[in-house]
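Student: Dropping the structure in here first, questions after.
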Amino acid sequence: MAESHGGGCCPPMDLMRSEPMHLVQVIVPMESAHLTVSYLGDLGLVQFKDLNSDKSPFQRTYAAQIKRCGEMARKIRFFKEQMSKAGVTPKETIDKEIDIDLDDVEVKLGELEAELVEINANNDKLQRSYNELVEYKLVLEKAGEFFASAHRNANAQRSEIETEQVDEDLLEAPLLQEEKSVDTTKQVKLGFLTGLVPREKSMVFERILFRATRGNIFIRQSVIEESVVDPNSGEKAEKNVFVVFYSGERAKSKILKICEAFGANRYPFSEDLGKQAQMMTEVSGRLSELKTTIGAGLDHRNILLETIGDKFEQWNFKVRKEKAIYHTLNMLSLDVTKKCLVGEGWSPVFAATEVQDALQRAAVDSNSQVGSIFQVLRTKEMPPTFFRTNKFTTAFQEIVDAYGVAKYQEANPSVFTIVTFPFLFAVMFGDWGHGICLLLATMYLILREKKLSSQKLGDIMEMAFGGRYVIFMMSLFSIYTGLIYNEFFSIPYPLFASSAYECRDVSCSEATTIGLIKTRDTYPFGVDPVWHGTRSELPFLNSLKMKMSILIGVAQMNLGIIMSFFNAKFFKSAVNVWFQFVPQMIFLNCLFGYLSVLIIIKWCTGSQADLYHVMIYMFLSPMDDLGENQLFPNQKIVQLTFLFLALVSVPWMLLPKPFILKKQHEARHQGLSYAHLDETDESLQVETNGGGHGHEEFEFSEIFVHQLIHTIEFVLGAVSNTASYLRLWALSLAHSELSSVFYEKVLLMAWGFNNVFILIIGILVFIFATVGVLLVMETLSAFLHALRLHWVEYQNKFYEGDGYKFAPFTFTLDGNEDE
Amino acid sequence: MGFLITTLIFVVVGIIASLCVRICCNRGPSTNLLHLTLVITATVCCWMMWAIVYIAQMNPLIVPILSETE
């Protein structure tokens, strides 16, 4: 379907049109199917069509294998979790030479998973007992302390009691000893419970115990300074050791229930000092044993995880690759009678030999008796769009694709966008100081390209890195336009010659009222440096920049219309040339091209004519005399001619094309032949994309309305798009004003104070303001507006952008799939 | 006169740039054509901007009026 460009005067330009594609059909025997798809995936130049789209995922041939792969992927995810929890990082590089078998991988994964799960369970159990023992030890310590102090007090009390009267209400009295010292007729049997309770619940715990037992308990709590790991939850918690003394069975059961409710762990404690010491040593011994056991368990697990980590990336890649292969295999239709699979896909014409090569290699490697068959199918479907871009042009192509992917083989706007986009950005950004800053930033990205491309960057950095070449071009052009606008952080410099302006007389008395005059030659490169800071700076610059915007805009729109001419020539549509391109050129140039010419004439002659007046009265009263607005002789006649041509071109755009298309359609149908493949006019919606016979519907009214809309859009758009280019002026004004404000009101003011600290603060504020507002915000703003100018004003002259992108089956883009 | 001379300088710079690009990255006729197009477009854009600013200042209707301070 590729037609040669033009007449052979020049070779077809790279990137101008998408690669010619063809629909290929591949018939592979079953035994070499897997290997074939694998090799084609490595090649990455075939986009398979789904021939089984009407089947559900479970009805497809390879559903079982996909489930297998899914299981393996789940195991791999589990390993990854475990590794990240344990802090083990998998080895980054993949040994591509070693080819591993999927079955082996599956078996290995199963084994490892079982082992890992077992180790984890054991670990948890051990950890739990360890924590319990730690708590028990703490209980032993603290309760032991308490009883010891109670014993001491008891001895002290006893000695006191022997000498003094006993105070019955002494709450601090050691209860156990008091029992012995008072009347032995009342034998109150006291029991006690020890345990740990979480600190935040300790007061409530005490209160509830008190209430439940009607105050007939004695509770003693002791704070544990460090936090303890709770055996049940596995988390650290602040706890207190408590000892509760109670009497009676009912009280005991109440206390037990309350302890359970509060999650307080109870531990047995014996009063006997000897037994306490024994328990202590036993517990300490078991603790150290457990610690070593747990340590050994963790070591074992870490070794296991490291062995997993070695092979992790390789297994991961293999499993994902296999899954992708099986998904693709599911797209091929099974030809049961011939024991082979049939696949259809789009592939670029230049890759045909490579694809056949891959097929042959797969057939040989899989030891099949029959080779694969490769043939090209003819179809009327629209192929996908494929541009071969390198790392420089990729970013620009993506910018264009973001608006709409080019239709198959239509002219690619990104060819000129590579230059015009940074140029329009620079017109709005123009400051060579800021341009140098941008250049330094982007040079850093470009020089560390290799390193940064393998790292994982954040979202914003990712975008900035991806667009590094765009920003590079933008900065280069900004330096150029900065030199032209003569702005270095808003300061002008007479770099190329001295200023052209001088005072009228020696005393310079009228400099602030009437102004200077131009005595020397025009400043040779850019804006004269004398303008900055003058009172008439804004009127002059505004006039200059507005007219510049119009001139640039008319130039770019003309380029757009010429691109539509290239399209018309390529698709061999004479209708589009004579009844679309020609009237569009005439209309645009008779009005806005004429305006541009007037601007240039006014500049060259220095006339005082009012161009607004000229243009408006050209329409309102064209027969009137021009008077002082005359810029060149016979202007009135020229204007009348242009007005007439512009008026004529509107019905020229609107009326003939639908009728001609209708005639062509009838001629085609009378001839009973297939339509030419290249009659793809923009407005002709005759051929549906469904392939087959090319059943043509021709709704005349639809075509006519379409053409009407197109004409109105163009005519009205000519005015609005031209005005839209004035944003070049607006943003450039904003940038220079902001820059000038930051310089004068921050830096110069700080300088004026003659104080070092204020100067330093002023410099810091200046730097932050420049980077934040001018280098980041203005860059984004100018980027956005330049983008809009391209997407709307430039591309609506010729671009259709309703294609779809070529998405070949490849393994290299396996980012983070989670199917 | 300054206008014509500088325009000539732009043309010469454009030719030199396209020759440099042809010498340093010569990759087949279609790619060369693309490079040539880009260089020519860049030269034309730059020249256009310079020319507009230059012509606008040749016969000025507004003159600089210095501000009061200084």
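These protein sequence lines are chains S and B, in that order. Using the numbering used here, you'd call the opening residue of the first sequence number -11 and step up by one each time. Using the numbering used here, you'd call the opening residue of the second sequence number 8 and step up by one each time. Backbone N, C-alpha and C fix where the C-beta goes; we use that ideal spot for every residue, glycine too.
What does Ser524(S) touch in chain B if you count any residue whose Cβ is under 8 Å from its own?
Tutor: In the first sequence, residue 524(S) corresponds to position 536, counting from 1. Simply Ile69, Val70, Pro71 and Ile72.
Student: Among Gly455(S), Lys240(S) and Trp420(S), which has the Cα closest to the Cα of Ile434(S)?
Tutor: As a first step, residue 434(S) must be located in the first sequence, where it is residue number 446. Ile434(S) has its Cα closest to that of Gly455(S), out of Gly455(S), Lys240(S) and Trp420(S).
Student: Counting pairs of Cβ atoms below 8 Å between the segment 630 to 650 of chain S and the segment 566 to 583 of chain S, do you hit three or more?
Tutor: Flag = yes, the segment 630 to 650 of chain S and the segment 566 to 583 of chain S touch.
Student: Going along chain S, which residues have a C-beta under 7 Å from Cys53(B)?
Tutor: Numbered from 1 along the second sequence, position 46 holds the residue referred to as residue 53(B). Near Cys53(B) (Cβ distances below 7 Å), the residues of chain S are Tyr468.
Student: My parser needs the alpha helix (DSSP H) runs of 4 or more residues fully inside the segment 35 to 114 of chain S; what are they?
Tutor: If we require 4 residues or more, the alpha helix (DSSP H) runs fully inside the segment 35 to 114 of chain S come out as 51 to 74.
Student: Just to confirm the assignment, what range does the alpha helix (DSSP H) spanning Ser321(S) have?
Tutor: Here residue 321(S) refers to the residue found at position 333 when the first sequence is read from its first residue. Counting along the chain, Ser321(S) falls outside any alpha helix (DSSP H), though it belongs to the beta strand (DSSP E) covering Ser321 to Asp323.
Student: Check the Cβ-Cβ distances between Ile505(S) and every residue of chain B, and say whether any is below 8 Å.
Tutor: As a position in the first sequence, residue 505(S) is number 517, starting the count at 1. Closer than 8 Å to some Cβ of chain B, the Cβ of Ile505(S) qualifies, so yes.
Student: Kindly say whether Thr14(B), judged by its beta-carbon, lies nearer than 8 Å to any beta-carbon of chain S.
Tutor: Here the question's residue 14(B) lines up with position 7 in the second sequence. So, not an interface residue.
Student: Where Phe36(S) and Thr373(S) are concerned, what is the direct C-alpha to C-alpha distance, given to the nearest angstrom?
Tutor: What you label residue 36(S) is simply residue 48 of the first sequence in a count that begins at 1. What you label residue 373(S) is simply residue 385 of the first sequence in a count that begins at 1. The straight-line gap from Cα to Cα measures roughly 14 Å.
Student: Along the chain, where does the beta strand (DSSP E) that runs through Phe180(S) open and close?
Tutor: As a working note, residue 180(S) is residue 192 in the first sequence. Phe180(S) -> beta strand (DSSP E) spans Leu178 to Pro186.
Student: If distances are taken between C-alpha atoms only, which option among Asn318(S), Phe417(S), Ile467(S) and Phe477(S) comes closest to Gln47(S)?
Tutor: As a position in the first sequence, residue 47(S) is number 59, starting the count at 1. That would be Asn318(S), whose Cα lies nearest to the Cα of Gln47(S).
Student: Please confirm if the segment 316 to 336 of chain S is in contact with the segment 126 to 145 of chain S, defined as three or more CB-CB distances below 8 Å between the two stretches.
Tutor: Not touching, per the Cβ criterion.
Student: Anything in chain S within Cβ reach of Ile6(B), meaning under 9 Å, just list it in chain order.
Tutor: An answer regarding residue 6(B) cannot be provided, because it is not within the stretch 8 to 77 covered by chain B.
Student: Short of 8 Å in beta carbon distance, which residues of its chain neighbour Ile751(S), apart from the five on each side in sequence? Order them along the chain.
Tutor: By 1-based counting over the first sequence, the position of residue 751(S) is 763. Around Ile751(S): Leu735 and Ala738.
Student: By DSSP's criteria, His10(S) is part of a beta bridge. Which residues make up the other side?
Tutor: Walking along the first sequence from the start, residue 10(S) turns up at place 22. Answer by DSSP bridge pairing, in chain order: Ser335(S).
Student: Flag this pair as yes or no: are the beta carbons of Phe305(S) and Ser210(S) separated by less than 8 Å?
Tutor: Your numbering for residue 305(S) matches position 317 in the first sequence. Your numbering for residue 210(S) matches position 222 in the first sequence. In this structure, Ser210(S) does not lie closer than 8 Å to Phe305(S) by Cβ.
Student: Using 10 angstroms around the beta-carbon of Val388(S), count the other beta-carbons present and answer buried if the total reaches 16, otherwise exposed.
Tutor: Your numbering for residue 388(S) matches position 400 in the first sequence. So Val388(S) counts as buried.
Student: Given 8 Å as the limit, is there contact between the segment 511 to 519 of chain S and the segment 49 to 62 of chain B, that is, 3 or more CB pairs closer than that?
Tutor: Taking 8 Å as the limit for Cβ pairs, the verdict is that the segment 49 to 62 of chain B does touch the segment 511 to 519 of chain S.
Student: Where does Thr668(S) land, buried or exposed, given buried means 16+ other C-beta within 10 angstroms?
Tutor: Along the first sequence, read from residue 1 onward, the residue named residue 668(S) stands at position 680. Caution applies to Thr668(S), whose pLDDT of 49 falls short of 50 and renders its modelled position unreliable; the value that the coordinates give is listed next. That one is buried.
Student: Roughly how many angstroms lie between the CA atoms of Met268(S) and Lys125(S), to the nearest whole one?
Tutor: Taking the first sequence and counting its residues from 1, one reaches residue 268(S) at position 280. Taking the first sequence and counting its residues from 1, one reaches residue 125(S) at position 137. Spanning the two alpha carbons is a distance of roughly 7 Å.
Student: Could you name the residues of chain S that Ser37(B) contacts, counting a contact when the two beta carbons are closer than 7 Å?
Tutor: Here residue 37(B) refers to the residue found at position 30 when the second sequence is read from its first residue. Residues of chain S passing the Cβ test: Pro(-1), Pro0, Met1 and Asp2.
Student: Have a look at Gly29(S) and Thr798(S) and give me their C-alpha separation to the nearest angstrom.
Tutor: Here the question's residue 29(S) lines up with position 41 in the first sequence. Here the question's residue 798(S) lines up with position 810 in the first sequence. Going by the C-alpha atoms only, they are around 4 Å apart.
Student: Find the nearest neighbour of Thr202(S) within the set Glu213(S), Asn228(S), Tyr234(S) and Val216(S), judged by alpha-carbon distance.
Tutor: Position 214 of the first sequence, counted from the start, is the residue given in the question as residue 202(S). Looking at the sequence shown, residue 202(S) is not Thr but Arg. Of Glu213(S), Asn228(S), Tyr234(S) and Val216(S), the residue nearest in Cα terms is Tyr234(S).
Student: According to DSSP, is Ser809(S) helix, strand or coil?
Tutor: In this structure chain S extends from -11 to 807, so residue 809(S) is not present and cannot be described.
Student: Chain S beta carbons: is any one of them nearer than 8 Å to that of Val28(B)?
Tutor: For this step, residue 28(B) is matched to residue 21 along the second sequence. Answer no: the Cβ-Cβ gap between Val28(B) and chain S never drops below 8 Å.
Student: CA-CA distance, Trp420(S) and Asn546(S)?
Tutor: What you label residue 420(S) is simply residue 432 of the first sequence in a count that begins at 1. What you label residue 546(S) is simply residue 558 of the first sequence in a count that begins at 1. Approximately 29 Å between the Cα atoms of the pair.
Student: Can you list the residues of chain B that Phe607(S) reaches, using a CB-CB cut of under 7 Å?
Tutor: For this step, residue 607(S) is matched to residue 619 along the first sequence. Chain B residues near Phe607(S): none, gap ~25 Å exceeds 7 Å.
Student: What residue ranges within the segment 389 to 472 of chain S form continuous beta strand (DSSP E) runs of no fewer than 3 residues, ordered along the chain?
Tutor: None, since the segment 389 to 472 of chain S contains no complete beta strand (DSSP E) of that length.
Student: Which value, in whole angstroms, describes the spacing of the CA atoms of Ala711(S) and Tyr391(S)?
Tutor: In the first sequence, the residue the question calls residue 711(S) occupies position 723. In the first sequence, the residue the question calls residue 391(S) occupies position 403. Ala711(S) and Tyr391(S): Cα-Cα distance of roughly 22 Å.
Student: Let's see if you can read the secondary structure: which residues bound the beta strand (DSSP E) around Tyr255(S)?
Tutor: Position 267 of the first sequence holds residue 255(S). Segment Asn253 to Tyr255, the beta strand (DSSP E) holding Tyr255(S).
Student: Where does Leu15(B) sit, in a helix, a strand or coil, going by DSSP?
Tutor: Along the second sequence, one-based indexing puts residue 15(B) at 8. Of the three classes helix, strand and coil, the one that applies to Leu15(B) here is helix, per DSSP.
Student: Give the C-beta separation of Lys785(S) and Ile549(S) to the nearest angstrom, bearing in mind that I take them to be a contact with Cβ-Cβ under 8 Å.
Tutor: Position 797 of the first sequence holds residue 785(S). Position 561 of the first sequence holds residue 549(S). Yes, they are in contact, since the Cβ atoms of Lys785(S) and Ile549(S) sit about 5 Å apart, within 8 Å.
Student: Based on the DSSP output, what are the partners of Cys328(S) in its beta bridges?
Tutor: In the first sequence, the residue the question calls residue 328(S) occupies position 340. DSSP, once it has assigned bridges, lists Pro17(S) and Asp323(S) as partnering Cys328(S).
Student: Anything in chain S within Cβ reach of Leu11(B), meaning under 9 Å, just list it in chain order.
Tutor: By 1-based counting over the second sequence, the position of residue 11(B) is 4. Simply none; closest approach about 12 Å.
Student: Can the beta-carbon of Ala383(S) be found less than 8 Å from the beta-carbon of Met462(S)?
Tutor: In the first sequence, the residue the question calls residue 383(S) occupies position 395. In the first sequence, the residue the question calls residue 462(S) occupies position 474. No, they are not a contact pair.
Student: Per the contact definition of three or more C-beta pairs closer than 8 Å, is the segment 618 to 625 of chain S in contact with the segment 584 to 592 of chain S?
Tutor: Cβ pair count under 8 Å is three or more, so yes.
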